[in-house]
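Here is the structure we will look at.
In my numbering, the protein residues as written are 33 to 187.
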């Protein structure tokens, strides 16, 4: 449902794990720095420490899935530990935005990860349908609350 493989191998003990080659960038992320968890866009998850809980979460509103063309489900990681994410962009090019009881509107699906505490919806860019059409923006992704959003530099 999330675009991720349903079955993941789990390795225990001491040693080295080699993965297949990737042409993407690997991003180590300390999940405890994301509040109650981090929600990932499809295809970002590569690996994580065993202490992390991996859970499929559904969008809070139908608008965020249907209107935002984002899908109904995402992978959420919770707990204390490190996750390795795959990204089309190096960490230096990703934009991390911290919200403190605030709101962030993003045109397009540039958010690649966000705090599980944030409320995510899809809304019209303007106050009216005519205003949205006149601005040429249409719909925007809206994140509300306290937490972080990780954005790609381009869609």
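From the three backbone atoms N, C-alpha and C, an ideal C-beta is built for every residue, glycine too.
DSSP-derived helix/strand/coil call for residue i
i           : result
residue 49  : coil
residue 155 : strand
residue 64  : helix
residue 76  : coil
residue 177 : strand
residue 186 : coil
residue 87  : strand
residue 104 : coil
residue 55  : coil
Any chain D beta carbon closer than 8 Å to residue i
i          : result
residue 61 : Here there is only one protein chain, and chain D is not present.
Residues near residue i by beta carbon distance below 7 Å, same chain, minus five either side
i           : result
residue 111 : 63, 83, 84 and 85
residue 122 : 57
residue 113 : 63, 80, 81, 83 and 84
Residues near residue i by beta carbon distance below 6 Å, same chain, minus five either side
i           : result
residue 187 : 140 and 142
residue 183 : 127, 142 and 143
residue 67  : 147, 149 and 179
Cβ distance (whole Å) where residue i is taken to contact residue j below 8 Å
i           : j           : result
residue 61  : residue 129 : With a Cβ gap of about 15 Å, residue 61 and residue 129 do not count as contacting.
residue 108 : residue 70  : 7 Å
residue 59  : residue 117 : 4 Å
Neighbourhood of residue i by C-beta distance below 8 Å, restricted to the same chain and skipping five residues each side
i           : result
residue 132 : 178
Quick check on the DSSP output: what are the complete alpha helix (DSSP H) runs of length 4 or more inside the stretch 115-153, in order along the chain?
DSSP runs (the alpha helix (DSSP H)) wholly in the stretch 115-153: none.
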